[in-house]
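Chemist: Residue numbers (our numbering): 708 to 913.
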């Protein structure tokens with residue numbers, strides 16, 4: 708069985724949000740077109756408490772883009788974003804949420820970030836998504852969302868490591884591109900790890 712994973716289609720990652728991904732809103736129509744093709748759709752949400760350790764504002768003198776160590780894990784610092792119970796953490800208003808059967812909220816631990824839909828960044832804590840998918844007989848995932856070079860990439864690499872077959876919808880992803888080309892390098896890394904890179908037009912034929 709296949710499942711569709713929609714990664715972080717939240718207001719703060721859209722143009723005008725606290726941490727906007729360029730053209731992030733362009734992936735919402737792709738998600739809406741593909742969702743009806745799947746019997747199981749899972750959506751992830753960044754769900755940070757105020758003062759999260761990944762926020763630059765939590766580190767005196769630091770700026771977004773700086774890199775620090777959180778425990779033994781390297782962490783890029785970000786503007787405050789996707790704070791629990793705020794409008795920025797909500798799904799984009801254009802996203803059809805009716806097909807979504809399960810929501811994974813991640814990044815709730817104030818001391819460690821969580822890019823992946825499966826694990827916190829230190830890979831100590833699990834979100835429970837692996838067990839949820841297996842309980843529904845899922846072996847193949849189709850992934851799209853934001854951002855290619857962070858949460859999409861981390862989700863795909865973890866899914867592959869857990870033994871799922873994974874297809875990534877290229878036109879359903881957009882990158883932060885902190886360094887120019889990060890998005891392209893992320894697609895390359897995912898493909899090298901075993902993911903199939905597809906266009907949304909091909910999703911129905913998998």
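A virtual CB, placed ideally from N, CA and C, is assigned to each residue, including glycine.
From 726, 730, 745 and 727, pick the residue whose C-alpha is nearest to that of residue 713; which is it?
Modeler: Here residue 713 corresponds to residue number 6 of the chain shown, with the count starting at 1. Per the Cα distances, 745.
Chemist: Going by the beta-carbon positions, is the gap between residue 737 and residue 878 smaller than 7 Å?
Modeler: Along the chain shown, one-based indexing puts residue 737 at 30. Along the chain shown, one-based indexing puts residue 878 at 171. In contact: residue 737 and residue 878 (Cβ atoms closer than 7 Å).
Chemist: According to DSSP, residue 813 sits in a beta bridge with which residue or residues?
Modeler: Within the chain shown, numbered from 1, the residue matching residue 813 stands at position 106. In the DSSP output, where bridge partners are listed per residue, residue 813 has 753.
Chemist: Work out the CA separation of residue 909 and residue 832 for me, nearest whole Å.
Modeler: Translated into the one-based positions of the chain shown, residue 832 becomes position 125. Translated into the one-based positions of the chain shown, residue 909 becomes position 202. Those two C-alpha atoms are separated by around 34 Å.
Chemist: Quickly, what does DSSP pair residue 779 with across the bridge? List them, please.
Modeler: The residue you call residue 779 lines up with position 72 of the chain shown. BP columns for residue 779 are empty, so no partner.
Chemist: With 16 other CB atoms within 10 Å as the buried threshold, where does residue 778 fall?
Modeler: The sequence position of residue 778 within the chain shown is 71, counting from 1. Result: exposed.
Chemist: Just to confirm before moving on: does the CB-CB distance between residue 898 and residue 856 stay below 7 Å?
Modeler: Taking the first residue of the chain shown as position 1, residue 898 is located at position 191. Taking the first residue of the chain shown as position 1, residue 856 is located at position 149. The answer is no: Cβ separation not under 7 Å.
Chemist: Would you list the residues sitting across from residue 880 in a DSSP beta bridge?
Modeler: Taking the first residue of the chain shown as position 1, residue 880 is located at position 173. Bridge partners of residue 880: 852.
Chemist: For residue 710, which of helix, strand or coil comes out of DSSP?
Modeler: Translated into the one-based positions of the chain shown, residue 710 becomes position 3. Correct three-state label for residue 710: strand.
Chemist: Please tell me whether residue 801 and residue 715 are closer than 7 Å, where the distance is taken between their beta carbons.
Modeler: Stepping through the chain shown from its first residue, residue 801 is reached at position 94. Stepping through the chain shown from its first residue, residue 715 is reached at position 8. Contact: no.
Chemist: Measuring straight from C-alpha to C-alpha, what distance separates residue 748 and residue 719?
Modeler: For this step, residue 748 is matched to residue 41 along the chain shown. For this step, residue 719 is matched to residue 12 along the chain shown. Approximately 21 Å, taken between the alpha carbons.
Chemist: Is the number of C-beta pairs between the segment 832-841 and the segment 752-771 that are closer than 8 Å three or more?
Modeler: Touching, no.
Chemist: Do the CB positions of residue 754 and residue 771 come within less than 7 Å of each other?
Modeler: The count along the chain shown starts at 1 and reaches residue 754 at position 47. The count along the chain shown starts at 1 and reaches residue 771 at position 64. No, these two residues do not count as a Cβ contact at 7 Å.
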